[in-house]
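Going by the numbering used here, the residue at position 205 of the sequence shown is 216; the numbering climbs one at a time, nothing skipped. Glycine included, C-beta positions come from ideal geometry on N, C-alpha and C. The model shown is predicted, which means the values in this text are computed figures rather than measured ones.
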Amino acid sequence: MQRRPCSPGLSPVELEDCLEELLKFTLQSHINGTLDVDHDLGFPTDFSSHLLNHNDRPDVSRLYKDLVSALLKSVSEASCGSLDDLEDKEECNEIAEGRAELVLKTVNFELHVQEPFFTQLKAESLDNVLPGVKTLTDGVQVYRKFYSEEKELSNGVLGIHVKKSVVQPYIILSRIISVSFLASLLFLTCIFVAMANLHKKLGPFGSRDWEM
């Protein structure tokens, strides 16, 4: 299959080079409470704090590096590994979908515009442009005071309307972490349940006489 060219002016994004920084941002967002409820990591913020300060403790540092390695392996390989053995395939599908979004390296588009003008395009919030103005309607009224609609129509204005915002990479990564964490808990729970059942069946060691 022929490889598609990269977006104009951009080199391919190597996931291995940016995953650790993305993980740091995701953990910090978890601590700050800026992650959406639907994308919670599934463990306490204290745990995220320990992972971020992993350099202070060798044991936590090893855990952090293992987490980075496991995430990189999860989003890079073609299969979900041990998750394929789960009865419920939904977790595996979510990781696969998130992995596909996260490793997207190129964007296909056509944009015909002169470079000097393109470099001037910026996205600013309403508070930065018009401090104190709360709504777009009020902002338009202020704008009309120094730039009338007639003048706008005669000169022409370029407007870009984004119908659907792009899912940020840290949201995708948080979903992968959450699903992986729940899958691990499910696996450990199964082990503990099996051990408990075996303990009930055999009883504590030394409580009965064993016959050869």
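Checklist entry - How would you label Thr37, buried or exposed, when you count the other beta carbons within 10 angstroms and need 16 or more for buried? => result buried
Next on the checklist: Please give me, in chain order, every unbroken run of the alpha helix (DSSP H) with length at least 4 that falls completely inside the region 28-86.
Outcome noted: 56-63
Item to check | Helix, strand or coil at Lys162 [DSSP, three-state] | outcome: helix
Item to check | Lys162 versus Val153: straight-line alpha-carbon distance, rounded | outcome: 15 Å
Checklist entry - Can you tell which of Leu147, Ser165 and Ser72 has the C-alpha that lies nearest to the C-alpha of Glu31? => result Ser72
Checklist entry - By a C-beta neighbour count over all protein chains shown, 10 Å radius and 16 as the cutoff for buried, is Arg186 buried or exposed? => result buried
Next on the checklist: Can you list, in chain order, the residues of its chain with a C-beta nearer than 8 Å to that of Arg155? Leave out the 5 residues immediately preceding and following it.
Outcome noted: none
Checklist entry - Mind checking Ser40: buried by the 16 CB within 10 Å criterion, or exposed? => result buried
Item to check | CA nearest to the CA of Asp28, picked from Leu83, Asp77, Val151 and Leu164 | outcome: Leu83
Item to check | Sequence-distant residues of its chain with Cβ nearer than 6 Å to Thr188 (five each side left out) | outcome: Contrary to the premise, residue 188 reads as Ile rather than Thr in this sequence. The answer, listed in chain order, is Leu52.
Next on the checklist: Here's the rule: buried if 16 or more other CB atoms are within 10 angstroms of the residue's CB, otherwise exposed. What is Leu46?
Outcome noted: buried
Checklist entry - Excluding five sequence neighbours on each side, which residues of the same chain lie with their C-beta closer than 7 Å to the C-beta of Phe157? => result none
Item to check | Other residues of its chain near Asn66: CB distance less than 8 Å, five sequence neighbours each side excluded | outcome: Ser72
Checklist entry - Among the residues of its own chain, which have a CB less than 6 Å from the CB of Ser59, if the five just before and after it don't count? => result Leu38, His41 and Ile42
Checklist entry - Can you give the Cα-Cα distance for Val144 and Val151, rounded to whole angstroms? => result 10 Å
Checklist entry - Out of Asp57, Pro55, Lys76 and Gly44, which has the shortest C-alpha to C-alpha gap to Leu34? => result Lys76
Item to check | Pro142 (DSSP reduced to helix, strand or coil) | outcome: coil
Checklist entry - With burial defined as no fewer than 16 other Cβ atoms inside 10 Å of the residue's Cβ, what is the status of Pro69: buried or exposed? => result exposed
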